[in-house]
Amino acid sequence: MTGSVVVPPGLLAQAALGEDWADWLALLPRRVADLLDAWELVVTGPALHGAASLVVPVAGRARGAETAMLKVGLPDEESAHEHLALQRWGGRGAVRLLRADPGRSALLLERLESVDLTDAWDVEACEVVGGLYGALHRPATPQLRLLTDLVGRRVADLERDARRVPLPRRLVDQALGLARDLVSDPASTGRMVHTDLHFAHVLHAADRGWVAIAPEPVSGDPHYEPEPMLRHRFDEYGAVPGDSVRDGIRRRFHTLVDTAGLDEHRARDWVVVRSVLAAHRGADDRDHVTRCLTIAKAVQD
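Counting from 1, one number per residue, gives the positions in the sequence shown under this note's numbering.
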């Protein structure tokens, strides 16, 4: 008896996002059951979920078997090579991969403590994340997507829409110019980059401290990495009397850059590019656009 899995309502609600989501969710319980049987696992607790994945606490069937987490994700380009990155890192700076079935977008991961950085002082959290960069930014495996291809496609989309989107033309032109230069630079590929490393994507391992989870890996430039740490927990900026949103953004940025030993100018250019591209992709959400543009401006002041 492997136990049954109930898909959380928060994940089921994603069926509204389209047919691909609805089809995946409809097949998810059967897929999980098949994996539990194939890998001889039993369910040990309620299922959790990420934005596009189901995560089930499990253990081996044998008495005293190791506990783990079974992650089954929506097949997509961003997470297609997650298993390759985790294999390459081998538990150094990242969660350990115990087993993988890429064809079913399934990973068996070590079980970590359920403590992340969302409640940590943001500067301290930036020091932790900046410290992880060195372990994660290793020479890239050849199968990974190229950062330059990813950014190149998004730049083409922005160029097509540039005169129609509600974004400041000066900032759009600046981001496009920086992006073209970065995409043509050989240094923009070659290192493994997580691309979505933020407060909630760092958990604590009892044996080695903080580690990264949920990579969307590319062969890229380490200086591409800081932007998510500036965008998440945005509402905390300026919450302390005498502190401004600009000051808070710059404090996080410089903490990440200094801790990781990144080139400040190159990291700043990537923040501007990522922020403007993110604003374009979420242009229907005015609050999102405002946050992205505020970050792009703050790191340059």
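Yeah, the Cβ is synthetic: ideal placement off N, Cα and C, and Gly gets one too.
Below 8 Å CB to CB, which residues in the same chain sit around residue i once its five sequence neighbours on both sides are set aside?
i: His288; result: Ala278, Ala279, Gly282
i: Arg191; result: His137, Arg138, Pro139, Ala140, Ser219, Gly220, Asp221, Pro222
i: Leu293; result: Leu167, Pro168, Leu171, Ser275, Val276, Ala279
i: Asp285; result: none
By Cβ distance below 7 Å, which residues in the same chain neighbour residue i in space, the five residues on each side in sequence not counted?
i: Gly73; result: Ala52, Ser53, Ser79, Ser105
i: Gln87; result: Leu97
i: Val5; result: Pro29, Val32, Val43, Ala47, Val56
i: His83; result: Leu97, Ala100, Pro102, Leu107
i: Glu40; result: Gly60, Arg61
i: Tyr237; result: Val245, Gly248, Ile249
i: Glu159; result: Leu176
i: His49; result: Pro8, Gly10, Leu11, Val55
i: Ala267; result: His223, Pro226, Val257
i: Met1; result: In this prediction, Met1 has a pLDDT of 38, which is less than 50 and means its spatial position is unreliable; nothing more can be read from the coordinates.
i: Arg251; result: Val123
Where do the ends of the alpha helix (DSSP H) carrying residue i lie?
i: Thr259; result: 245-260
i: Pro29; result: 19-38
i: Gly134; result: 122-136
i: Ser275; result: 264-281
i: Pro9; result: 9-12
i: Pro228; result: 227-231
i: Leu293; result: 286-298
i: Ala85; result: 82-89
Need the endpoints of the beta strand (DSSP E) that residue i sits in, please.
i: Asp101; result: 97-101
i: Leu109; result: 106-110
i: Leu41; result: 41-43
i: Leu54; result: 53-60
i: Ser219; result: 218-220
i: Leu70; result: 67-73
Exposed or buried, residue i, counting other C-beta atoms within 10 Å across all chains shown (16 or more means buried)?
i: Trp121; result: exposed
i: Leu316; result: Outside the displayed range of the chain (1 to 301) lies residue 316, so it cannot be described from this structure.
i: Ala298; result: buried
i: Val240; result: exposed
i: Ser188; result: buried
i: Ser275; result: buried
i: Gly364; result: Nothing can be reported for residue 364, as the shown portion of the chain is limited to 1 through 301.
i: Pro9; result: exposed
i: Glu227; result: buried
i: Thr255; result: buried
i: Val18; result: Note on residue identity: the sequence assigns Gly, not Val, to residue 18. Classification of Gly18: exposed, given that the 10 Å Cβ count is below 16.
i: Leu36; result: buried
i: Leu11; result: buried
i: Thr290; result: exposed
i: Gly93; result: buried
i: Ala179; result: buried
i: Pro186; result: exposed
i: His265; result: exposed
i: Val216; result: Checking the sequence shown, residue 216 turns out to be Glu, not Val. Classification of Glu216: buried, given that the 10 Å Cβ count is 16 or more.
i: Leu109; result: buried
By Cβ distance, which residues of its chain are closer than 6 Å to residue i, with the 5 residues on each side in sequence left out?
i: Asp149; result: none
i: Asp157; result: none
i: Arg163; result: none
i: Ala15; result: Trp21, Ala22, Leu25
i: Gly45; result: Pro57
i: Ala214; result: His201
i: Ala205; result: Leu112, Val211
i: Arg154; result: Leu277
Does the beta carbon of residue i come closer than 8 Å to any beta carbon on chain B?
i: Pro217; result: This model lacks chain B altogether; it includes just one protein chain.
Tell me whether residue i, by its Cβ, gets closer than 7 Å to a heavy atom of the ligand GTP.
i: Leu277; result: You won't find the ligand GTP in this model; it holds no ligand whatsoever.
Would you call the segment 199-212 in contact with the segment 114-128, where contact means no fewer than 3 C-beta pairs closer than 8 Å? yes
Counting only runs of 4+ residues fully inside the segment 149-213, write out the alpha helix (DSSP H) ranges in chain order. Taken in chain order, the complete alpha helix (DSSP H) segments of 4 or more residues contained in the segment 149-213 are 169-183.
Is there contact between the segment 163-178 and the segment 126-140, where contact requires at least three CB pairs shorter than 8 Å? no
Any contact of the segment 259-274 with the segment 210-227, i.e. 3+ C-beta pairs under 8 Å? Enough Cβ pairs lie closer than 8 Å, so yes.
Would you call the segment 142-161 and the segment 227-243 touching, i.e. three or more CB-CB distances under 8 Å? no
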